[in-house]
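Quick note: the sequence shown, position 150, residue 149 per numbering that gives the first Met the number 0, numbers continuous.
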Amino acid sequence: MNKIGQMAPWIGKEERDAVLEYLDSGGWLTEFTRTRDFEQMIASYVGSKHACVVSNGTVSLAAAVMALGLERDDEIIVPDFTMIASANAVVLAGAKPVFADVNRSSLCLDSNLLEEAITDKTRAIMHVSLNGRCPDLENIVALARKRGLLLIEDAAQSLGSRYGGRHVGVFGDIGSFSLSPAKIITTGQGGALVTDNEELHNRLLMIKDYGRPQSGVDYHAAMGYNFKFTDLQAVIGIEQMKKLDWRVNRKKEIYQLYRDLLQGLSQITFVDTDLQDTAPWFIDVLVEAEREPLAEFLKAKGIGTRPFYPPIHTQPPYAHVKGNFKNAEYISQKGLWLPSSSFLTDADIERVCLGIKAYFTQ
Ligand SMILES: Cc1ncc(COP(=O)(O)O)c(C=O)c1O
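Right under this line is the structure:
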């Protein structure tokens with residue numbers, strides 16, 4: 000019986016041909032015109048004035064924090080339930096992450112709980128649209144405006160997802176996406192930053208290129224690093240972008256099929272998801288029973304799953320963090336990611352759902 004992994008990247012003949020053609024063209028491999036083309040495709044897809052790609056979705060967030068001028072003692076509110084890179088990027092940039100609990104039904108920041116975490120040192124909010132969802136974003140944008148706070152959107156998991164018709168990532172000052180292998184499209188590693196603010200965009204370009212306003216000229220106007228991309232990745236990204244609309248639709252179909260097939264199973268709860276706007280990257284469910292024996296049962300049937308992230312405050316680098324994070328703790332304990340690749344067939348999904356039902360009726 001073939002194995003159904005929880006996730007797998009999807010690279011086809013088009014990407015292979017594009018890489019070979021690029022290598023034959025004698026390009027320098029590092030970022031150049033293909034990267035500019037890829038950035039243009041991202042900007043036009045999400046509807047932002049500017050896009051700039053960097054090495055991954057962690058340094059993209061760090062670059063965003065730096066470009067916004069946030070530094071030591073400046074507090075940035077980060078959800079306690081997210082991939083740890085959201086918080087680590089703040090630390091990498093030299094600012095201070097302060098954690099807020101999330102909403103149980105969206106897995107995202109909640110404008111009410113968020114307000115409690117604001118102090119007189121808070122300078123920014125990092126909203127993470129987990130799995131493409133951001134149902135409270137409008138209130139969070141309004142709260143940031145009211146309190147004079149900057150808004151970074153960690154949209155690492157949200158390429159292809161919208162909110163009220165506009166693409167996620169364009170509501171804040173800067174939006175950030177990840178292009179790591181499990182994402183809806185990938186370039187192996189990679190991150191993309193989008194903004195409508197030209198000055199911020201120019202700062203991001205300097206930060207990613209050792210602080211140089213002009214590539215190849217060794218004048219360094221600002222502190223900067225090397226967060227650059229490569230044309231080798233860009234040619235893959237361009238081919239992946241051409242497949243994005245199809246994948247967005249397929250992710251929605253896959254999510255709907257899981258919902259239909261598991262309907263009525265009281266032990267499995269789906270997170271509220273508006274499929275009009277959201278392209279769920281991972282199929283995330285809450286298991287209203289012990290999660291690990293179910294995961295083991297599925298594994299024995301060749302079906303891969305993955306437990307949700309632990310709350311950040313429980314991870315060793317953040318052991319000093321104190322607070323009330325009961326929703327993050329609840330979600331982390333119950334959450335399970337089911338097989339989620341765009342190329343799963345309907346038959347694969349039926350097999351996963353039959354496995355889950357068999358477990359609960361054995
Ligand atoms: C919410 C979130 N933020 C940031 C990142 C970091 O992105 P990368 O793996 O490209 O560094 C990820 C990666 O999965 C993520 O899910």
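Backbone N, C-alpha and C define an ideal beta-carbon position, used for all residues, glycine too.
Legend entry - Reference A123, options A86, L158, G131, closest by Cα: In terms of Cα proximity to A123, the closest of A86, L158, G131 is A86.
Inset, instruction - Please list, in chain order, all residues of the same chain as M0 whose beta carbon is under 6 Å from its beta carbon, the five residues on each side excluded. - result: G301
Inset, instruction - Return the bridge partner residues of G301 from the DSSP annotation. - result: Paired residue(s): none; G301 is not in a bridge.
Legend entry - Counted within 10 angstroms of its Cβ, other Cβ atoms place E115 as buried (16 or more) or exposed: exposed
Inset, instruction - Would you mind sorting S24 into buried or exposed? The rule is 16 or more other CB atoms within 10 Å of its CB. - result: Around the beta carbon of S24, fewer than 16 other beta carbons lie within 10 angstroms, which makes this residue exposed.
Inset, instruction - Rounded to whole angstroms, what's the CA-CA distance from D283 to K2? Just pull it up for me. - result: 19 Å
Inset, instruction - Assuming N55 contacts S177 (C-beta within less than 8 Å), just tell me the rounded distance between them. - result: So it is a contact: roughly 7 Å between Cβ atoms.
Legend entry - Inter-residue spacing [alpha-carbon to alpha-carbon] between S59 and A221: 17 Å
Legend entry - One or two residues paired with T121 in a DSSP bridge: E74
Inset, instruction - Note down, in chain order, each residue of its chain lying with its Cβ closer than 6 Å to the Cβ of R363, except the 5 sequence neighbours on either side. - result: What is shown of the chain runs 0 to 361, which leaves residue 363 out entirely.
Inset, instruction - Could you tell me the distance, in whole angstroms, from the CA atom of E172 to the CA atom of I139? - result: The sequence shown places Asp at residue 172, rather than the Glu named in the question. Rounded to whole angstroms, D172 to I139 spans 13 Å at the Cα level.
Inset, instruction - Work out the CA separation of G334 and L285 for me, nearest whole Å. - result: 4 Å
Inset, instruction - Give a yes or no on whether 8 Å exceeds the smallest Cβ distance from S179 to chain C. - result: Of the protein chains in the structure, only one exists, and it is not chain C.
Inset, instruction - Thinking A50 and A191 are a contact (beta carbons under 8 Å), I'd like their distance in whole angstroms, please. - result: 6 Å
Inset, instruction - Give the secondary structure of A84 by DSSP, where H, G and I count as helix, E and B as strand, and everything else as coil. - result: helix
Legend entry - Beta-carbon spacing of D153, F324 below 8 Å: no
Inset, instruction - Please determine, among I83, I10, A63, the residue with the shortest C-alpha to C-alpha distance to P310. - result: Check the Cα spacing between P310 and each of I83, I10, A63: the tightest is with I83.
Legend entry - C-alpha distance - S110 paired with V167, whole-angstrom precision: 17 Å
Legend entry - Backbone secondary structure at C133 - three-state DSSP: Three-state result, C133: coil.
Inset, instruction - Would you mind sorting V216 into buried or exposed? The rule is 16 or more other CB atoms within 10 Å of its CB. - result: V216 comes out exposed.
Inset, instruction - Determine the direct distance from the alpha carbon of E70 to that of A318, and round the result to whole angstroms. - result: 22 Å
Legend entry - Separation of V52 from K227, as counted between CA atoms: Rounded to the nearest angstrom, the two C-alpha atoms are 7 Å apart.
Legend entry - Nearest-angstrom Cα separation, counted from S157 out to R15: 25 Å
Inset, instruction - Kindly indicate the opening and closing residues of the alpha helix (DSSP H) around A346. - result: Residues 345-360.
Legend entry - Nearest residue (CA-CA) to V18, options A141, I237, V45, I41: I237
Legend entry - 8 Å Cβ cutoff met for D345 and P338: Cβ atoms of D345 and P338: not closer than 8 Å.
Legend entry - beta-carbon S214 near ligand 1 non-hydrogen atom, thresh 7 Å: no
Legend entry - With 16 other Cβ atoms within 10 Å as the buried cut-off, status of R33: With 16 or more Cβ atoms within 10 Å of its Cβ, R33 is classed as buried.
Inset, instruction - Assess, as a yes-or-no matter, whether the segment 248-258 is touched by the segment 292-306 under the definition of 3 or more beta carbon pairs within less than 8 Å. - result: Inter-segment contact for the segment 292-306 and the segment 248-258 is absent: fewer than three beta-carbon pairs are separated by less than 8 Å.
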